[in-house]
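Undergrad:
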Amino acid sequence: MLDLRTEMLTAVTAPQAVRGTVRLGVSETIVRLWLNAFLERVHALYPNLVIDLSVDVTPVMLEQLLRGDLDLCLCLSLTEDVRIANLPLFTAPLVFLASTEMEIGPEPLGIEALRAVPIITYPKATSPYTTLMRALHRAGETRPRVYTNSSLASMIRMTLDRIGICAIPEEVARTEIEEGKLRVIRTVLELPEHRFSACYLHRTSAGVVEHLAMLAQKVGGSDRQS
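Residue numbers for the sequence shown follow the UniProt record's numbering, so the first one is 1 and each next one is one higher.
#1: Per DSSP, what are the beta-bridge partners of ILE119 in this structure?
#2: Roughly how many angstroms separate the alpha carbons of THR21 and VAL209, rounded to a whole number?
#3: Just to confirm the assignment, what range does the alpha helix (DSSP H) spanning PRO128 have?
#4: With the cut-off set at 7 angstroms, would you say ILE185 and ALA98 are in Cβ contact?
#5: Please check the pair GLU28 and SER151, which I expect to be a contact at CB under 8 angstroms, by giving their CB distance rounded to whole angstroms.
#6: With a 10 Å radius around its C-beta and 16 neighbouring C-beta atoms as the bar for buried, classify TYR200 as buried or exposed.
#7: Does the Cβ of PRO88 have 16 or more other Cβ atoms within 10 Å, making it buried, or fewer, making it exposed?
#8: Looking only at its chain, what residues have a beta carbon closer than 6 angstroms to the beta carbon of SER127, apart from the 5 residues adjacent to it on each side?
#9: Let me check understanding here. Comparing Cα to Cα, which of PRO144, GLY25, TYR147 and PRO169 lies closest to LEU74?
#10: Could you say if the segment 51-59 and the segment 160-168 meet the contact criterion of at least three C-beta pairs nearer than 8 angstroms?
#11: Taking the CB atoms as reference points, tell me whether GLU170 and VAL95 lie closer together than 7 angstroms.
#12: Do the CB positions of LEU215 and ARG19 come within less than 7 angstroms of each other?
#13: For THR187, which of helix, strand or coil comes out of DSSP?
#14: Would you list the residues sitting across from ASN86 in a DSSP beta bridge?
#15: Determine the direct distance from the alpha carbon of LEU62 to that of ASP56, and round the result to whole angstroms.
Dropping the structure here:
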């Protein structure tokens with residue numbers, strides 16, 4: 001584990017002197033978008049720092065952070081715990097995507113049309129799932145077919161296989177869209193944005209972990225937009 005006595009001054013003025021391991025948890029969305037660019041920057045700045053990387057869903061990573069099993073999480077902004085510092089990273093608008101080989105019907109799709117097709121999205125207790133169930137549920141009627149999945153790669157694969165449509169950030173499926181395999185479909189339902197943060201315990205601030213969070217903010221935010 002990283003020596004928490006390491007001060008921000010050392011991290012900034014003598015990064016090559018920083019040694020140790022940072023246990024980093026990352027959401028799959030960030031893995032697909034800019035994790036490699038971030039790790040390249042970290043390695044260039046801290047050549048003697050080891051990154052112990054894990055990829056998981058946000059609730060699990062936040063629990064690990066509070067237990068002391070992770071030093072830094074790049075994840076969804078899901079917590080207001082006063083023990084956790086949240087540094088905003090970026091937002092990812094969600095859209096409905098369908099295979100270009102799948103017949104959907106006239107757009108924009110209304111609520112009844114959405115109820116008639118399986119929808120693949122994030123697990124329960126996430127804002128996309130909650131939004132979908134609130135909009136599509138009808139008392140006394142058949143439960144809408146909302147298939148939950150914690151893997152973006154799996155959700156995209158299921159959509160390509162025409163199992164249903166998916167509700168995920170458009171940016172993570174950019175390759176499939178540009179290749180003409182998936183397309184954005186218009187609906188009457190507005191999906192929430194995904195907001196991502198760098199999360200770490202306040203007691204680890206003023207050190208390398210905080211500096212890495214700031215670097216993630218730069219790589220995931222301003223650098224990608226420039």
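Quick reminder that beta carbons are idealized off the backbone N, C-alpha and C, glycines included.
TA: The structure says:
#1: As a working mapping, residue 119 is identified with position 119 in the sequence shown. DSSP, once it has assigned bridges, lists VAL146 and ILE165 as partnering ILE119.
#2: Stepping through the sequence shown from its first residue, residue 21 is reached at position 21. Stepping through the sequence shown from its first residue, residue 209 is reached at position 209. Taking the straight line joining both Cα atoms gives about 10 angstroms.
#3: Within the sequence shown, the letter at position 128 stands for residue 128. Under the DSSP assignment, PRO128 falls in the alpha helix (DSSP H) whose first and last residues are 127-136.
#4: Sequence index remark: in the sequence shown, residue 185 carries index 185 (1-based). Sequence index remark: in the sequence shown, residue 98 carries index 98 (1-based). Cβ atoms of ILE185 and ALA98: closer than 7 angstroms.
#5: On the sequence shown, residue 28 is found 28 positions in, with the first residue counted as 1. On the sequence shown, residue 151 is found 151 positions in, with the first residue counted as 1. Going by Cβ atoms, the distance from GLU28 to SER151 rounds to 7 angstroms, so yes, they are a contact pair.
#6: As a working note, residue 200 is residue 200 in the sequence shown. When all chains shown are included, TYR200 counts as buried.
#7: As a first step, residue 88 is located in the sequence shown; it is residue number 88 there, counting from the start. By the 10 Å Cβ count, PRO88 comes out exposed.
#8: Indexing the sequence shown from 1 puts residue 127 at position 127. So the qualifying residues of the chain are PRO192.
#9: Taking the first residue of the sequence shown as 1, we reach residue 74 at position 74. Here the closest residue by C-alpha is GLY25.
#10: Judged by Cβ distances under 8 angstroms, the segment 51-59 makes no contact with the segment 160-168, as fewer than three pairs qualify.
#11: In the sequence shown, the residue the question calls residue 170 occupies position 170. In the sequence shown, the residue the question calls residue 95 occupies position 95. In contact: GLU170 and VAL95 (Cβ atoms closer than 7 angstroms).
#12: Sequence index remark: in the sequence shown, residue 215 carries index 215 (1-based). Sequence index remark: in the sequence shown, residue 19 carries index 19 (1-based). Contact: no.
#13: Against the sequence shown, residue 187 aligns to sequence position 187. Strand.
#14: Residue numbering aside, residue 86 sits at position 86 when the sequence shown is read from its first letter. Beta-bridge pairing links ASN86 to CYS199.
#15: Working through the sequence shown from its first residue, we reach residue 56 at position 56. Working through the sequence shown from its first residue, we reach residue 62 at position 62. Cα to Cα, ASP56 sits roughly 10 angstroms from LEU62.
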